[in-house]
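Chemist: Going by my numbering, the first residue of the sequence shown is number 54, and it counts up by one from there.
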Amino acid sequence: MGKKEQQLQRDHKANEKVEAVLELLRKQTPLTLKQEKFCNDACVERFLNAKGDNVKKAAKHLRACLSWRESIGAEQLMADEFSAELAEGLAYVSGHDEESRPVVIFRIKQDYQKFHSQKLLARLLVFTLEVAIGTMAKNVEQFVLLFDASLFRSASAFMNLLLATLKIVAEYYPCRLYEAFIIDPPSLFSYIWKGVRSFVELSTVTMVVASLDFEESLEFSDFSSYPRASSLRFDSSSIKSTAKIGSCSSSRFSFTVSHHFDSLKPWYLTLTDASTYKVGPTTTSPSPLGPALISPNNARSFSFASPAVRTPHKSSIKGRSSGGGRLFPSTPLPQRVTPSEPMKISQPRTPRPSFLHSPASFFKKECHVNKTDKSRESFLPFLKFYRRPYDEMTYRSNMRPPLGGLISIVSSHLRRPHVSVSQRF
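#1: By a C-beta neighbour count over all protein chains shown, 10 Å radius and 16 as the cutoff for buried, is I298 buried or exposed?
#2: For D201, tell me which candidate among G457, I221 and F432 has the shortest Cα-Cα distance.
#3: According to the Cβ coordinates, are V253 and L216 closer than 8 Å?
#4: What is the rounded straight-line gap between the Cα of C118 and the Cα of V71?
#5: Going along the chain, which residues of its own chain have a beta-carbon closer than 8 Å to the beta-carbon of A210, five neighbours each way excluded?
#6: Would you kindly work out how many angstroms separate the C-alpha atoms of L116 and R122, rounded to a whole number?
#7: Kindly indicate the opening and closing residues of the beta strand (DSSP E) around D256.
#8: Where do the ends of the beta strand (DSSP E) carrying Y231 lie?
#9: As a quick exercise: from L130, H114 and L198, pick the residue whose alpha carbon is nearest that of R154.
#10: Please state if the CB of S428 and the CB of V222 are separated by a distance shorter than 8 Å.
#11: Determine the direct distance from the alpha carbon of G105 to that of L174, and round the result to whole angstroms.
#12: Return the CA-CA distance between Q129 and E151, expressed in angstroms with no decimal places.
#13: In three-state terms, what does DSSP make of S153?
#14: Pair every Cβ in the segment 94-111 with every Cβ in the segment 133-149, then say whether three or more of these pairs are closer than 8 Å.
#15: Mind checking which residues open and close the beta strand (DSSP E) that includes D94?
#16: Check this for me: beta carbons of A501 and E89, under 8 Å apart or not?
#17: Roughly how many angstroms lie between the CA atoms of R453 and F135, to the nearest whole one?
#18: Buried or exposed: P227, going by 16 or more other Cβ atoms within 10 Å of its Cβ?
#19: Below 8 Å between beta carbons: does that hold for L78 and L84?
#20: Could you compute how far the alpha carbon of K57 sits from the alpha carbon of V97?
#21: Does the beta-carbon distance from T188 to V146 come in below 8 Å?
#22: Tell me I186's beta-bridge partners as DSSP assigns them.
#23: Are the Cβ atoms of D237 and A263 separated by less than 8 Å?
#24: Can you tell me where the alpha helix (DSSP H) with V108 in it begins and where it stops?
#25: What whole-angstrom Cβ distance do F180 and L456 have, given they're in contact under 8 Å?
#26: Which residue or residues does DSSP assign as beta-bridge partners of L198?
#27: Rounded to whole angstroms, what's the CA-CA distance from C92 to E232? Just pull it up for me.
#28: Assuming L436 and F267 form a contact by the criterion Cβ under 8 Å, report the distance between their Cβ atoms to the nearest whole angstrom.
#29: Near N102, which residues of its chain fall below 6 Å by C-beta distance, leaving aside the five closest residues on each side in sequence?
#30: Which same chain residues, not among the five before or five after T257, have their C-beta less than 7 Å away from its C-beta?
#31: Any idea what DSSP makes of Y439, helix, strand or coil?
#32: Where do the N-terminal and C-terminal ends of the alpha helix (DSSP H) with K191 fall, by residue?
#33: From L241 to R441, what distance separates their C-alpha atoms?
#34: Between W246 and Q59, what straight-line distance do the alpha-carbon atoms span, to the nearest angstrom?
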């Protein structure tokens, strides 16, 4: 019962502070119907948390937010105003993560700011954030931002866009941002960000990542997965009838081509004994260095084989007879030289004392590595949203009226086909 009573007291105090903030707002100027709807209990609590539960500061901050929303026309934003931006996918909601938080992706190009005003860019950002908030569940209050900086060539231009966006989120959407990721920024951005981040309010939840760190390793063992492998099949019809098909022998091996073999491997490679120069022993004694000497590891040339394949096993060398052929690899191995003088064993050095190392540099390096790994691990759950292709119709379906425009306001079952005048009566 003690915990329940404490929780009830906390809720009662929170409700009192919320009512106090709303009273201060109503004393200054009466709130409109849309403003009353915006200033619900959850909204006022977020402003209180941002100002440390200070009622006066929260009321002042909320009043400034209402004035800004009225000046920018946040309540009149519709998708019809951003038809070109929606078609290109400059800013959209890619989906929701495991905690049902909407993931917002900004792929704004560098040239967009040259041909559009700063106010229009702010309206586009606010419209996208309002769509993301409209898709939230009842128990979700935060969203995730992904900035695709690969479309920017200038680090300063992207920094201006980033700071403007983070300022809007911090001042007018407090306690809404869960994490923000900057993906593939320009080369000089990291140096500028180090000098600016201490003055950015949301720098603690903003991380810089590189998409190349998450590239999947290619598997070359299975060539059947590659579409080009089908073009490498042997086609017997491409061979002219005058061509001679048979066996071809050399001093080392014989090469036989026939139509009776599989189309994937129309040749057969065997070891020959026609020449006095032998690659390996041809005795019937069981030895792994006999006809199996030519294998997929060394079929092209014995010098391309790995050292483990070129070097014979000790058991096979001992099992050979003295009269057997000697192994002469294409690339001769260096002979072991036995020194006349006894080898000098170097004594291990005494390790340097630990106090000679700089603890500051070691700590700095360790923190840098841990910070980089933390950024990668944090971005990994959102990688699929970054790589997911953009679909305009899917994004428009998530817009609630009136954000979706006239298309979302007029329902599909209300749309009637064109009927002539004679058919009406």
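Note that beta-carbon positions come from the ideal geometry of N, C-alpha and C, so glycine has one too.
Modeler: Taking the structure as given:
#1: Reliability fails at I298, whose pLDDT of 49 lies under 50, so the model's placement of it is uncertain and no value is given.
#2: Put simply, of G457, I221 and F432 the residue whose alpha carbon is nearest the alpha carbon of D201 is F432.
#3: For V253 and L216, yes; Cβs fall inside 8 Å.
#4: The straight-line gap separating the alpha-carbon atoms of C118 and V71 is approximately 16 Å.
#5: Cβ within range, chain order: Q163 and Q166.
#6: One point to set straight first is that residue 116 is Arg, not Leu, in the sequence displayed. R116 and R122 have their C-alpha atoms some 10 Å from each other.
#7: The displayed chain sequence assigns Ser, not Asp, to residue 256. Premise fails: S256 is in no beta strand (DSSP E) and is neither H nor E.
#8: For Y231, the uninterrupted beta strand (DSSP E) segment begins and ends at L230 to I236.
#9: The option with the nearest alpha carbon to R154 is L198.
#10: No. Outside cutoff.
#11: Rounded to whole angstroms, L174 to G105 spans 31 Å at the Cα level.
#12: Taking the straight line from one Cα to the other gives about 32 Å.
#13: Assignment of S153 by DSSP, reduced to helix, strand and coil, places it in the coil class.
#14: Fewer than three pairs of CB atoms, one per stretch, sit closer than 8 Å, so the segment 94-111 makes no contact with the segment 133-149.
#15: For D94, there is no enclosing beta strand (DSSP E); the enclosing alpha helix (DSSP H) covers residues D94 to A103.
#16: No statement about residue 501 is possible, as the shown extent of the chain runs from 54 to 478 and does not include it.
#17: Distance between the alpha carbons of R453 and F135 is about 15 Å.
#18: Label assigned to P227: buried.
#19: Cβ distance < 8 Å, so L78 and L84 count as in contact.
#20: For K57 and V97, the distance between alpha carbons rounds to 24 Å.
#21: The answer is yes: Cβ separation under 8 Å.
#22: According to DSSP, I186 bridges with nothing at all.
#23: Their beta carbons are under 8 Å apart, which means D237 touches A263 by this criterion.
#24: Taken as a continuous stretch (DSSP letters only), the alpha helix (DSSP H) holding V108 covers V108 to I125.
#25: Cβ-Cβ separation between F180 and L456: approximately 7 Å, consistent with a contact (criterion under 8 Å).
#26: In the DSSP secondary-structure assignment, L198 is bridged to V157 and A233.
#27: The alpha-carbon atoms of C92 and E232 are separated by roughly 24 Å.
#28: With a contact defined as Cβ atoms closer than 8 Å, L436 and F267 qualify at about 6 Å.
#29: These residues qualify, in order along the chain: C228.
#30: For T257, where only same-chain residues beyond five positions count, there are no Cβ hits under 7 Å.
#31: If DSSP states are grouped into helix, strand and coil, Y439 belongs with the helices.
#32: Segment: none, K191 is in no alpha helix (DSSP H) and carries neither H nor E.
#33: The C-alpha of L241 lies about 28 Å from the C-alpha of R441.
#34: Answer to the nearest angstrom: the Cα atoms are 44 Å apart.
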